[in-house]
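> First the structure, then my questions, so here it is.
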Amino acid sequence: MTAHSRNGFWGVFVRSIDRLSTLAGFVASGMIVLAVAITCQMIWVRFVLSQSTVWQTEMVIYLMVAATLIGLPYVQKLRGHVNVDLIPIMLSPGARKMLAWGVCLLVLVVAGIMTFYGFEFWHIAWKRGWKSDTVWGVRLWIPYLAMPVGFGLLGLQYLADLAALATGADKPFGLDEKAEL
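Add 24 to the 1-based position in the sequence shown for the working numbering, that's all there is to it.
What follows is the structure, given as structure tokens:
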């Protein structure tokens, strides 16, 4: 990071979003650990105690979906998504920068749409008191909240990525200008 980008508004913004994305990653990791623990408890209850389970399967599904959605910004922060560097490497530094901007802007649009409709879906479930059609009958606004939160945080992470590109704190696709095939 340059001195200007570290101390300016955008530097503070990028660091704040990085911390928020890291927190989201820890929350997602905790959800996965909890889902594994509940699965182990479910196996114990079913096969050792020979009792039926009521809420465990549904809870594990909700936790894993929520962990996936809430973990999105952390994975983006680490550049952990599956990608193909072949096209960026083949491009000139200017074209590479334009492609990085285009990709970030496109993902921002998609994340914005998913956040909007995810929030709308969550709000309807909350307002109408929707419950799952299972014995457990979980209030559906609780698991549905992961959609607008996850995509909203992903959008913020991409906005931080754009700010890092604009200030020179990050290189397009993390590649040096000299990178080529």
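Positions of the beta carbon are idealized from the N, C-alpha and C atoms, including for glycine.
Take residue 40 as the anchor and find which of 190, 177, 107, 198 has the nearest alpha-carbon.
Closest option to residue 40, Cα to Cα, is 177.
> Around the C-beta of residue 101, are 16 or more other C-beta atoms found within 10 angstroms, so that it is buried, or is it exposed?
Buried is the call here.
> Taking DSSP as the reference, what is the three-state secondary structure of residue 195?
Coil at residue 195, not helix or strand.
> Which runs of the beta strand (DSSP E) fall wholly inside the region 160 to 196 and span at least 3 residues, in chain order?
If we require 3 residues or more, the region 160 to 196 turns out to have no beta strand (DSSP E) run fully inside it.
> Cα separation between residue 201 and residue 108?
One C-alpha to the other measures close to 17 Å.
> Could you tell me the distance, in whole angstroms, from the CA atom of residue 52 to the CA atom of residue 167?
Each residue's Cα considered, the two are about 13 Å apart.
> In or out: residue 193 buried (at least 16 other Cβ within 10 Å) or exposed?
Label assigned to residue 193: buried.
> Distance check for residue 163 and residue 68, CA to CA, integer angstroms please.
Each residue's Cα considered, the two are about 26 Å apart.
> Based on the DSSP secondary-structure assignment, which residues constitute the bridge partners of residue 155?
Its beta-bridge partners are 163.
> Going along the chain, which residues of its own chain have a beta-carbon closer than 7 Å to the beta-carbon of residue 197, five neighbours each way excluded?
109, 112, 120, 124, listed in sequence order.
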